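Start counting the sequence shown at -11; every next residue gets the next number (the numbering used here).
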Amino acid sequence: MPVTVIHTGQASAKRLERLLSQRFEDRESVREPDVTIRWGLTDVPDPPGVVLNGRQALADASVRERIWTLLARYGIHTPKESPESEIRRLLIVK
């Protein structure tokens, strides 16, 4: 399955970018087998696959689930909230 790359560099994902950059100070991405979340400015090219921004990622239920799984694995979530509302809060500025 192709990798889905989600860029957080746009204004719609600044909260997620801040969380990830604090958690992984020496990195610019986290990657699982089928999804990568990138943040910050980097000269490293994206891996092959579908490239989405935060709004596009949120619109696709299967991508939302993969994002949630990745974030939960790194302890970035609020257990009281549903995965969809948490991802919405992380990816999109209201």
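Positions of the beta carbon are idealized from the N, C-alpha and C atoms, including for glycine. Small disclaimer: the values here were computed from a predicted structure and weren't measured.
Residue i: buried (16+ other C-beta within 10 angstroms of its C-beta) or exposed?
| i | result |
| --- | --- |
| residue 49 | exposed |
Identify every residue that forms a DSSP beta bridge with residue i.
| i | result |
| --- | --- |
| residue 57 | The partner list for residue 57 (beta bridge, DSSP) is empty, contrary to what the question assumes. |
| residue 20 | 23 |
Rounded to a whole number of angstroms, what is the C-alpha to C-alpha distance between residue i and residue j?
| i | j | result |
| --- | --- | --- |
| residue 151 | residue 33 | With the chain running from -11 to 82 in the structure shown, residue 151 is simply not present. |
| residue 51 | residue 19 | 13 Å |
| residue 6 | residue 41 | 16 Å |
| residue 54 | residue 64 | 13 Å |
| residue 38 | residue 11 | 25 Å |
Review point. Touching or not, the stretch 55 to 62 and the stretch 7 to 25, by the rule of three or more beta carbon pairs under 8 Å?
Key: yes
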